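Here the structure comes first, spelled out in structure tokens, and everything after it is commentary.
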Amino acid sequence: MLLWMLTELENSHSGFIKHGQPASNFVLLLLILYNAVGIATIAAMAVIILTVACNAPLAKLQHKFQTRLMEAQDDRLKALTEALVNMKVLKLYAWENKFKKVIEGLRDVECKWLKAFQLRRAYNSFLFWSSPVLVSAATFSACYFLEIPLNATNVFTFVATLRMVQDPVRQIPDVIGVVIQAKVAFNRIISFLDAPELQRTRRCCMDPKKPIVIKSASFSWDEHALKPILRNINLEISAGEKVAICGEVGSGKSTLLEAVLGEIPKMDGTLHVFGKIAYVSQNAWIQTGTVRDNVLFGSIMDEHKYQETLKRCSLVKDIEMFPFGDLTEIGERGVNLSGGQKQRIQLARALYQDADIYLLDDPFSAVDAHTATSLFNEYIMGALFSKTVLLVTHQVDFLPVFNCILLMSDGQILSAAPFHELLSSNKEFRDLEINNVGRDKQPITEIASEVDQLIKKEERETGNTGLKPYLLYLSQNKGFLYASISALSHAIFIAGQVSQNSWMAAKIQDPEVSLMKLIGVYLAIGFGTIFFLLSRCISLVVSSDLSIVDLDVPFALMFSFSATLNSYSNLAVLSAVTWQVLFVAVPLLYLTLRLQRYYLASAKELMRINGTTKSLVANHLAESISGAMTIRAFEEEERFICKSFVLIDKNASPFFHNFAASEWLIQRLETMSAAILFSSALVMAMVPAGTFSPEVIENNRTPPSWPSIGRVELVNLQIKYRPDSPLVLRGISCIFEGGHKIGIVGRTGSGKTTLIGALFRLVEPEGGKIVIDGIDITKIGLHDLRSCLGIIPQEPTLFHGSVRYNLDPLGAYTDQQIWEVLDKCQLREAVQEKGDRLDSLVVEDGSNWSMGQRQLFCLGRALLKKPCTEFADCTVITVAHRIPTVMDCTMVLSISDGKLIEYDEPLKLMNREGSLFRELVKEYCCEPKLQKTQLELDVILLCAEAGLPTVPSHRFIKTQQVPINASQSSNLSSQSWLQ
């Protein structure tokens with residue numbers, strides 16, 4: 001949609017304004033031709049009509065190739081955008097080369113259609129540019145056979161008029177091209193506008209009894225689907241009820257919330273929603289702007305309510321750390337905020353709206369256990385005490401307090417009952433509850449990468465850029481060679497036209513030169529220039545690969561160069577015939593150059609301002625598309641549309657002024673041209689007759705077996721994200737021995753994720769170094785480094801393509817290996833249900849798979865690298881919030897405020913007074929839970945032995961430790977390892 005906004009709408013109208021005059025001029029010039037050569041004009045008309053007729057099949061081919069070209073452009077831009085948005089994941093997996101090849105392959109397909117389109121365009125241009133010579137041949141031949149006398153008067157009138165006819169005729173290919181582009185663009189826009197509208201559920205006034213009622217309803221994105229996504233949904237929720245939605249991965253939990261929002265088409269049944277809705281998405285959507293703007297979200301500022309909202313969402317301390325408080329600018333998609341901060345801002349935005357119904361999609365997934373407990377008590381059980389709440393969650397610790405729990409599976413509600421009733425009567429719920437007890441669902445919270453304003457006003461280049469952009473353009477793909485051939489061919493073409501005029505002027509009145517010889521030499525010179533014209537067109541087609549964005553650049557350069565040479569050649573011929581015109585032409589030429597310089601100074605700035613304001617429109621549109629569901633949920637469509645209009649108006653002003661400045665210049669140049677023509681005509685009447693980064697460091701490649709031990713040494717490591725920002729990691733020094741399991745702990749924003757990013761050189765060290773098996777990682781290529789490391793990233797990312805492509809984009813593994821990994825990840829059944837199995841479609845961002853399934857795909861990628869040992873022989877570095885996940889680690893590294901606080905065995909740290917790890921364990925042990933796994937029981941026992949307070953034993957039930965499977969896969973989402 002963004003591509004359509006930026007290209008299709010522009011293609012649909014560009015060119016019509018500047019191509020509106022050729023038809024009327026053409027008719028007028030034909031009348032002048034008739035006055036000069038009489039009935040021989042029919043021959044000229046016949047050639048022109050034949051030329052247009054010969055262009056018809058070329059026009060059809062152009063339409064076909066233009067359609068294919070736009071489709072190829074769509075595919076390439078989608079892949080390029082997907083790669084740029086997910087560049088961090090590509091770098092972590094060292095997949096840059098593969099995706100680069102994919103994009104280059106799509107570019108090759110685009111170039112294939114581009115060459116086909118430009119080749120037909122070249123033939124088209126050659127046909128019309130050579131038409132004046134053909135018209136001259138036909139007209140003079142008709143004059144000879146019809147015995148129409150040729151003299152200086154009618155010959156030069158015919159030649160001069162023919163030169164004027166050339167411009168309208170030569171514009172015909174441009175008009176045809178514009179019409180074809182506009183037709184294709186209109187068809188694509190119409191297909192989008194004709195798509196069915198989203199039927200939203202009308203929200204009536206608040207019903208105090210049943211705000212949400214769903215009866216026998218089924219929902220599906222595809223109305224022709226045999227199996228709807230949600231089937232036979234029956235649900236009635238009373239006002240003020242707290243309802244939790246649980247279920248296995250891909251069971252339809254998030255989809256149910258989207259159905260309540262009216263985002264998914266309803267196939268049958270009834271859905272009634274009464275009251276104002278607030279929605280918190282699973283993936284946090286943050287606007288570009290200040291923290292305050294994101295919380296208020298268009299509402300009026302109420303200071304008391306605002307401060308209470310920040311307090312309930314545990315944002316007060318975070319805002320105090322920001323340099324500008326709640327007026328700190330948030331970067332695009334919240335890139336300078338941690339995952340927990342983004343999620344809490346989402347929660348604050350929903351709470352400030354004071355809605356009747358709150359739809360919360362796993363809102364505690366990006367925060368640690370302590371923060372999650374605080375948010376649950378203060379937010380859901382406190383601020384939303386009287387509100388209707390639907391909460392999707394995997395954290396069973398909070399379930400007992402809910403009025404009702406919906407257990408979902410395969411798009412259906414299996415059971416709906418309070419916690420204790422489900423626990424005693426439903427085996428599926430007991431299994432789910434056991435599998436999720438102690439589960440670290442939370443991904444690692446990213447630290448705030450910068451503390452000052454991330455958003456900077458876009459810098460606009462000023463002044464004259466000189467010839468550098470043109471030289472850079474011509475330096476690509478033998479540009480200088482093709483441009484030189486084109487320029488030389490065109491110069492010869494112009495010289496041929498001048499020679500035609502000179503021959504005719506010199507010999508028209510020579511009695512020794514017969515009429516046949518006069519016409520024969522004139523036509524021979526004309527046909528000779530056609531060869532160089534064809535050479536120029538073909539050179540432009542070959543060099544069209546230079547055009548990455550604007551397909552019209554080579555031809556625009558050609559026409560500009562042609563117009564310039566024609567002007568100078570005409571002036572030279574005019575001066576040779578009537579030298580007196582130089583007295584007027586030279587001063588006007590000087591004035592023209594001054595006007596051009598004056599115009600260009602303003603035009604360049606206007607074009608730059610236009611580009612800057614246009615980028616604001618594109619950014620706002622992209623942001624609105626990504627957050628469309630949230631915007632519609634809060635019923636803020638009108639505000640975002642109004643903002644779009646404001647930005648469009650802001651962009652329209654420099655666009656209009658640029659167009660007006662161009663017309664200002666044209667008016668003055670045409671006035672001066674008219675002055676030269678007038679002076680030339682006057683002199684002719686008065687004077688007697690006769691008178692245009694390193695991925696691999698070749699000299700420092702790593703050994704094939706590196707790293708063989710996996711020993712990591714951090715030496716005074718210092719990290720900062722920008723030169724003018726403070727250090728995020730402050731002199732960390734320690735050693736991770738090979739084969740050890742290292743746990744990294746610390747509070748939110750302490751620098752844990754930055755340390756992992758430093759291992760992959762997502763950010764280069766400001767000081768110190770990282771040495772792996774004796775090699776400083778800053779001395780080797782990025783591709784070599786990242787290919788030898790493995791990671792399960794924090795945010796699950798899928799790419800457009802197939803299941804096989806997402807697991808193994810490099811094609812390095814067999815189908816059997818992939819199926820074995822899918823089986824280990826418990827994804828085999830989900831993939832087999834798809835008709836195409838490993839070739840099943842994964843759409844952009846993997847939105848046709850649930851968030852849990854996406855996490856399992858990321859686990860599968862990791863297992864493919866180590867299918868046999870499953871990380872047993874690797875150095876594993878784990879960043880986690882749940883204490884049990886690091887208790888079996890060899891060593892634990894505690895970080896606070898970017899500094900290494902302690903590094904020792906976990907049991908020693910637990911028994912050390914004042915230890916940060918001891919404090920984190922203490923907080924965890926004091927957290928009440930209904931059930932504990934065996935590993936957690938061991939932690940409680942260790943806490944008791946260390947003298948730490950614990951939860952009384954009667955508050956929990958002993959359960960068995962569950963092996964790593966689908967329900968625990970997210971425990972690995974924060975791990976990286978050395979192969």
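Read in order, the letters of the sequence shown correspond to residues 1 to 979 in the UniProt record's numbering. C-beta atoms are modelled at their ideal positions from N, C-alpha and C, and glycine is treated no differently. The structure displayed is predicted, hence computed values, not measured ones.
Where residue i and residue j are concerned, what is the direct C-alpha to C-alpha distance, given to the nearest angstrom?
i	j	result
residue 306	residue 352	7 Å
residue 78	residue 785	28 Å
residue 236	residue 267	19 Å
residue 549	residue 342	Caution is warranted here: a pLDDT of 36 is assigned to residue 549, below 50, making its placement in the model unreliable, and no coordinate value can be reported.
residue 783	residue 290	37 Å
residue 443	residue 735	The predicted model places residue 443 with a pLDDT of 41, which falls under 50 and marks its position as unreliable; any figure quoted below should be read in that light. Straight-line Cα distance between these residues: approximately 25 Å.
residue 416	residue 380	20 Å
residue 633	residue 348	15 Å
residue 286	residue 337	10 Å
residue 598	residue 100	44 Å
residue 133	residue 660	37 Å
residue 737	residue 773	10 Å
residue 191	residue 722	46 Å
residue 808	residue 760	20 Å
residue 621	residue 419	44 Å
residue 640	residue 313	26 Å
residue 795	residue 662	50 Å
residue 451	residue 805	In this prediction, residue 451 has a pLDDT of 42, which is less than 50 and means its spatial position is unreliable; what the coordinates show is noted afterwards. Taking the straight line from one Cα to the other gives about 38 Å.
residue 138	residue 27	19 Å
residue 709	residue 903	21 Å
residue 426	residue 402	17 Å
residue 588	residue 667	14 Å
residue 921	residue 315	24 Å
residue 819	residue 852	18 Å
residue 189	residue 73	16 Å
residue 828	residue 250	13 Å
residue 227	residue 652	48 Å
residue 397	residue 260	25 Å
residue 135	residue 48	7 Å
residue 310	residue 368	18 Å
Report buried or exposed for residue i, applying the criterion of at least 16 other Cβ atoms within 10 angstroms of its Cβ.
i	result
residue 590	exposed
residue 43	buried
residue 385	exposed
residue 1032	Given that the chain is displayed from residue 1 to residue 979, the structure contains no residue 1032 and the question cannot be resolved.
residue 551	Any reading at residue 551 needs caution, since the residue's pLDDT is 38, under 50, leaving its predicted position unreliable; the model's value is listed next. So residue 551 ends up on the buried side.
residue 394	buried
residue 221	exposed
residue 888	exposed
residue 586	exposed
residue 82	buried
residue 372	buried
residue 142	buried
Which residues does DSSP pair with residue i in a beta bridge?
i	result
residue 272	213
residue 219	230 and 266
residue 602	The partner list for residue 602 (beta bridge, DSSP) is empty, contrary to what the question assumes.
residue 802	841
residue 415	407
residue 732	717
residue 924	Bridge partners of residue 924: none, in fact.
residue 237	212
residue 770	714
So residue i and residue j are in contact, right, with Cβ under 8 Å, and what is the actual spacing, rounded?
i	j	result
residue 298	residue 356	Between residue 356 and residue 298 the Cβ distance is about 18 Å, and since that is not below 8 Å, they are no contact.
residue 878	residue 740	At roughly 11 Å, the Cβ-Cβ gap does not stay under 8 Å, so residue 878 and residue 740 are not in contact.
residue 744	residue 729	Actually they do not touch by this definition, with Cβ atoms about 12 Å apart.
residue 907	residue 900	Not a contact, Cβ separation roughly 19 Å.
residue 787	residue 94	4 Å
In chain order, which alpha helix (DSSP H) runs of at least 4 residues are fully inside the stretch 849–904?
-> 851–865 and 884–887
Ignoring anything shorter than 4 residues or poking outside the stretch 289–335, list the alpha helix (DSSP H) runs there in chain order.
-> 291–296, 303–312 and 316–321
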